[in-house]
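S.K.: Note that the UniProt record's numbering has the sequence shown beginning at 1, numbered continuously upward. What follows is a single structure, and I will ask about it in a moment.
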Amino acid sequence: MFKLQLSGLMVLVVDDQRPFQVMLKGILSSLGIAHIHFANHGEQALQRCSQNEYDLLFVDYNLGSGKNGRQLLADLRQKQLLKASSIFIIVTGENTVTMVMSAVELEPDDYLIKPFSQSLLKSRLQKLAEKKQHLAGLYQALLQQQPEQIMQQCQQEIDASGRYEQFCRRVLAETLFEQQRFTELESLLSDSMSQRRPSWALLLEAKFRLQQQEYQRCLEICQESIEINRLCAQAYDLKASCLLAQGDPEAAMISINQALAIAPYHLPRQYLTLKVARAAGQIPEMVSASKQIFDLTRKTSQQDISHLFNYIRTLLDAIGHTTDASKRNRLQQETMLTLHRSQNDEQLIRDTNFDRFEQICVARLEALDGRFQPAKKTAATLSPQMALQDPDIPDLAMLLLSIGEFEDAGQFIAQLSDTEQNDPILSELLEQQQQKFAGAAEQLAELNRTGMQLYQEGKFQEAIVIFDQALNIAPSNTGAALNLIQSLLQVLESQQKNKSIAIYQRCRQTFKLIEHAHLPERHQQRYVELQNQYQQYRQELKQNS
Numbered sequence: 001m002f003k004l005q006l007s008g009l010m011v012l013v014v015d016d017q018r019p020f021q022v023m024l025k026g027i028l029s030s031l032g033i034a035h036i037h038f039a040n041h042g043e044q045a046l047q048r049c050s051q052n053e054y055d056l057l058f059v060d061y062n063l064g065s066g067k068n069g070r071q072l073l074a075d076l077r078q079k080q081l082l083k084a085s086s087i088f089i090i091v092t093g094e095n096t097v098t099m100v101m102s103a104v105e106l107e108p109d110d111y112l113i114k115p116f117s118q119s120l121l122k123s124r125l126q127k128l129a130e131k132k133q134h135l136a137g138l139y140q141a142l143l144q145q146q147p148e149q150i151m152q153q154c155q156q157e158i159d160a161s162g163r164y165e166q167f168c169r170r171v172l173a174e175t176l177f178e179q180q181r182f183t184e185l186e187s188l189l190s191d192s193m194s195q196r197r198p199s200w201a202l203l204l205e206a207k208f209r210l211q212q213q214e215y216q217r218c219l220e221i222c223q224e225s226i227e228i229n230r231l232c233a234q235a236y237d238l239k240a241s242c243l244l245a246q247g248d249p250e251a252a253m254i255s256i257n258q259a260l261a262i263a264p265y266h267l268p269r270q271y272l273t274l275k276v277a278r279a280a281g282q283i284p285e286m287v288s289a290s291k292q293i294f295d296l297t298r299k300t301s302q303q304d305i306s307h308l309f310n311y312i313r314t315l316l317d318a319i320g321h322t323t324d325a326s327k328r329n330r331l332q333q334e335t336m337l338t339l340h341r342s343q344n345d346e347q348l349i350r351d352t353n354f355d356r357f358e359q360i361c362v363a364r365l366e367a368l369d370g371r372f373q374p375a376k377k378t379a380a381t382l383s384p385q386m387a388l389q390d391p392d393i394p395d396l397a398m399l400l401l402s403i404g405e406f407e408d409a410g411q412f413i414a415q416l417s418d419t420e421q422n423d424p425i426l427s428e429l430l431e432q433q434q435q436k437f438a439g440a441a442e443q444l445a446e447l448n449r450t451g452m453q454l455y456q457e458g459k460f461q462e463a464i465v466i467f468d469q470a471l472n473i474a475p476s477n478t479g480a481a482l483n484l485i486q487s488l489l490q491v492l493e494s495q496q497k498n499k500s501i502a503i504y505q506r507c508r509q510t511f512k513l514i515e516h517a518h519l520p521e522r523h524q525q526r527y528v529e530l531q532n533q534y535q536q537y538r539q540e541l542k543q544n545s
């Protein structure tokens, strides 16, 4: 029988409460453990682990400011600072469902509720160490991400009908799924569920059916899993994905909310929530999920400026879909507050042109408020500065769409490489904005064609009516404004000496729409010619007044 040897273990206790550190040190010392180190917060724990190899880690779930225990475990795994034989135990004084399930989903080696006795701790350590030793080859293969070795080690334990057969069946099934060896996966799942139906097998079966687009079968298995365990958040996730794939985002929203009620602190779940909420048009849930993604990744190895940018982009998207004035105002305030706070987070924004991103976001807010002129001025200032590899190009394109410069936006979008495709949230937001303005862009193009046809036929008054309609659709569109000015000037030309002051004033007002525009070459020469013609008529009006 395996006998746990404690005396030589290196132990790290991560807890921000000194009384617990003292209490646990007493228990560990009584068990014969002498090498005990302490860390008060996650960052200090990471530093300790980079300097020492620990056999046993006790980590409090809540660590005050900075990383929590769940985030610390994710970082240690990502940075490979844990040995294959290391035992990681989450410790907490809270026993709420959301706290426990969120921690358990990350699969620490164990989870202990404070307070606990010396005998309980010793018993748990005995079982954990025995498992680690017996499956040492498997844990090493998992650490080194060697799928063939993982499958071989699992199969050995299964063939021997060993004590950890069910655990190895689950790991083998997950690996087969990742390697897309579906025939072997089906055989393993069928065999594993021949006598009883363990939760892990049901979840893998549901996941496989979802991947194969067998949605109804997937839903049936999810329901079976939920009936066995009402706290199985993953079953609700899979159910939500199925319902979304079947075109029922409202039902998917109900399912993902049930998963969130069980375990909200799971990053993939928040990504799924954002996707479902956007499809269902659930604005508060959409904003909440985006903020959770930002918060969950902050101060972790997964921290990335894209999470902040996508949260702000989601806020802007939400404003565009909100008609209630007070709700819009709250969203606008949150957007500006987030931009302001982020300016002070030098570590987060240091490798980005945050000032430019902020300018674009403020301009998008102005456009959403109907203040197209300052938004257009920002677009005109920034457009010539942007190279196609700049990460802000999609944001500039969305700004151009919002001010009605559909053709310019389309040119930027058409030339984008796969940059925005690397970020599915940004890609979806950009595509959604294109769809939102697609009808307006088509109408505008048709009206401009009709207006130019009338203009070429010499029907200038009728052309003016059409170009006015075009500007009603896109009030600051440069092409439509130039077309209107051109038609107005032709009317002034036809009036010879008695030129209309009202027409002249319309020209002046319309020129103001584009005075700050960044004019592409196709418009620049035309603009200069129309300006010269306008100034000539202006002088005539002065002389006649």
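Glycine residues also receive a C-beta, built at the ideal position from the N, C-alpha and C atoms.
Could I get the ranges of all uninterrupted alpha helix (DSSP H) runs contained in the region 112–170, with 4 residues as the minimum, in chain order?
M.R.: Uninterrupted alpha helix (DSSP H) stretches at least 4 residues long and entirely within the region 112–170 occur at 118–134, 136–143 and 147–159, given in chain order.
S.K.: Give the straight-line distance between the Cα atoms of D60 and L519, rounded to the nearest whole angstrom.
M.R.: Your numbering for residue 60 matches position 60 in the sequence shown. Your numbering for residue 519 matches position 519 in the sequence shown. Computed Cα separation, rounded: 59 Å.
S.K.: Are there three or more Cβ pairs, one per stretch, closer than 8 Å when the region 70–77 is compared with the region 17–30?
M.R.: no
S.K.: Just to confirm the assignment, what range does the alpha helix (DSSP H) spanning T183 have?
M.R.: As a working note, residue 183 is residue 183 in the sequence shown. F182 to S192 is the extent of the alpha helix (DSSP H) around T183.
S.K.: From which residue to which residue does the beta strand (DSSP E) around D408 run?
M.R.: For the purposes of this step, residue 408 is taken as residue 408 along the sequence shown, with counting starting at 1. Here D408 belongs to no beta strand (DSSP E); instead the alpha helix (DSSP H) covers F406 to Q415.
S.K.: Out of N310, Q343, I283 and I254, which has the shortest C-alpha to C-alpha gap to D324?
M.R.: Position 324 of the sequence shown, counted from the start, is the residue given in the question as residue 324. Ranking N310, Q343, I283 and I254 by Cα distance to D324 puts I283 first.
S.K.: DSSP on Q212, reduced to helix/strand/coil?
M.R.: Along the sequence shown, read from residue 1 onward, the residue named residue 212 stands at position 212. Looking at Q212 - three-state DSSP - the assignment turns out to be coil, as it is neither helix nor strand.
S.K.: Could you spell out the range, first to last residue, of the beta strand (DSSP E) harbouring residue 546?
M.R.: It is not possible to answer for residue 546, since the shown part of the chain is limited to 1 through 545.
S.K.: Sorted by chain position, which residues of the same chain lie with C-beta nearer than 8 Å to Q373's C-beta, five sequence neighbours on each side aside?
M.R.: Translated into the one-based positions of the sequence shown, residue 373 becomes position 373. Excluding sequence neighbours, Q373 sits near S476, K512, L513 and H516.
S.K.: When burial is assigned at 16 or more other CB atoms within 10 Å of the CB, is K497 buried or exposed?
M.R.: Working through the sequence shown from its first residue, we reach residue 497 at position 497. K497 comes out exposed.
S.K.: At what residues does the alpha helix (DSSP H) containing D15 begin and finish?
M.R.: Taking the first residue of the sequence shown as 1, we reach residue 15 at position 15. Counting along the chain, D15 sits inside no alpha helix (DSSP H), nor does DSSP assign it H or E at all.
S.K.: With a CB to CB cut of under 6 Å and the five nearest residues on each side skipped, what residues in its chain are close to A235?
M.R.: The sequence position of residue 235 within the sequence shown is 235, counting from 1. Closer than 6 Å at Cβ, skipping near neighbours: C222, S225 and I226.
S.K.: Is L12 close to the ligand ATP? I mean its beta-carbon at under 7 Å from any heavy atom of the ligand.
M.R.: As far as ligands go, the structure on display features none, and thus does not contain the ligand ATP.
S.K.: Please state if the CB of A445 and the CB of A474 are separated by a distance shorter than 8 Å.
M.R.: The residue you call residue 474 lines up with position 474 of the sequence shown. The residue you call residue 445 lines up with position 445 of the sequence shown. Cβ atoms of A474 and A445: not closer than 8 Å.
S.K.: For the region 7–18 against the region 37–56, are there 3 or more C-beta pairs whose distance is under 8 Å?
M.R.: yes
S.K.: Classify I466 as helix, strand or coil using the three-state DSSP reduction.
M.R.: Position 466 of the sequence shown holds residue 466. Reduced to three states, the DSSP call for I466 is helix.
S.K.: Grouping DSSP H, G and I as helix and E and B as strand, with all else coil, what is M1?
M.R.: Your numbering for residue 1 matches position 1 in the sequence shown. Per-residue confidence for M1 stands at a pLDDT of 49, beneath the threshold of 50, marking its modelled position as unreliable; the derived number appears in the next sentence. Coil at M1, not helix or strand.
S.K.: Leaving out five residues before and five after M286 in sequence, what residues of the same chain have Cβ atoms less than 7 Å from its Cβ?
M.R.: Locating residue 286 in the sequence shown gives position 286, where the first residue counts as 1. Only L274, A277, R278, T314 and A318 meet the Cβ criterion.
S.K.: So what's T352 in DSSP terms, helix, strand or just coil?
M.R.: Position 352 of the sequence shown, counted from the start, is the residue given in the question as residue 352. Three-state DSSP puts T352 in coil, outside helix and strand.
S.K.: Rounded to a whole number of angstroms, what is the C-alpha to C-alpha distance between R371 and Q213?
M.R.: The count along the sequence shown starts at 1 and reaches residue 371 at position 371. The count along the sequence shown starts at 1 and reaches residue 213 at position 213. In a straight line, the C-alpha of R371 is about 46 Å away from that of Q213.
S.K.: Could you check whether the region 420–437 touches the region 445–456, counting it as contact only if at least three pairs of C-beta atoms, one from each stretch, sit closer than 8 Å?
M.R.: The region 420–437 is not in contact with the region 445–456.
S.K.: Put T300 into one of helix, strand or coil per three-state DSSP.
M.R.: Within the sequence shown, numbered from 1, the residue matching residue 300 stands at position 300. In the structure shown, T300 sits in coil (DSSP, three-state: anything other than H, G, I, E or B).
S.K.: Classify D423 as helix, strand or coil using the three-state DSSP reduction.
M.R.: Reading the sequence shown from its first residue, position 423 is the one you call residue 423. Coil.
S.K.: Could you give the uninterrupted runs of the alpha helix (DSSP H) lying entirely in the region 5–73, keeping only those of 4 residues or more?
M.R.: If we require 4 residues or more, the alpha helix (DSSP H) runs fully inside the region 5–73 come out as 18–30 and 42–51.
S.K.: Would you kindly report the start and end of the unbroken alpha helix (DSSP H) that includes I501?
M.R.: In the sequence shown, counting from the first residue as 1, residue 501 sits at position 501. Looking at the DSSP string, the run of the alpha helix (DSSP H) that includes I501 is I501 to L513.
S.K.: Does DSSP put D324 in a helix, a strand or coil?
M.R.: As a position in the sequence shown, residue 324 is number 324, starting the count at 1. DSSP places D324 in coil when its eight states are reduced to three.
S.K.: So what does residue 561 bridge to, in DSSP terms?
M.R.: As displayed, the chain neither begins before 1 nor continues past 545, which places residue 561 out of reach and without an answer.
S.K.: Residue range of the alpha helix (DSSP H) that T96 falls in?
M.R.: Here residue 96 is taken as the residue at index 96 of the sequence shown, counted from 1. Careful: T96 lies outside any alpha helix (DSSP H) and carries neither H nor E.
S.K.: What are the boundary residues of the alpha helix (DSSP H) that includes G281?
M.R.: Position 281 of the sequence shown, counted from the start, is the residue given in the question as residue 281. Element bounds for G281: n/a, residue is neither H nor E.
S.K.: If we ignore side chains and look at the alpha-carbon of each, how far apart do Q5 and R217 end up?
M.R.: Indexing the sequence shown from 1 puts residue 5 at position 5. Indexing the sequence shown from 1 puts residue 217 at position 217. Spanning the two alpha carbons is a distance of roughly 49 Å.
S.K.: With DSSP collapsed to three states, give me the class of D75.
M.R.: For the purposes of this step, residue 75 is taken as the residue at position 75 of the sequence shown. It is helical.
S.K.: Closer than 6 Å by C-beta to Q415: which residues in its own chain qualify, once you throw out the five before and the five after it? Chain order, please.
M.R.: Position 415 of the sequence shown, counted from the start, is the residue given in the question as residue 415. Answer for Q415: L388, listed in chain order.
S.K.: Considering only C-alpha positions, which residue in the set S402, F58 and K499 is nearest to M23?
M.R.: Position 23 of the sequence shown, counted from the first residue, corresponds to residue 23. The option with the nearest alpha carbon to M23 is F58.
S.K.: In whole angstroms, what separates the C-alpha of L231 from that of Q51?
M.R.: Reading the sequence shown from its first residue, position 231 is the one you call residue 231. Reading the sequence shown from its first residue, position 51 is the one you call residue 51. Going by the C-alpha atoms only, they are around 39 Å apart.
S.K.: Alpha carbon to alpha carbon, how far is Q539 from Q533?
M.R.: The sequence position of residue 539 within the sequence shown is 539, counting from 1. The sequence position of residue 533 within the sequence shown is 533, counting from 1. Cα to Cα, Q539 sits roughly 10 Å from Q533.
S.K.: Which one of A160, S194 and Q152 has the shortest CA to CA distance from T175?
M.R.: Working through the sequence shown from its first residue, we reach residue 175 at position 175. Here the closest residue by C-alpha is Q152.
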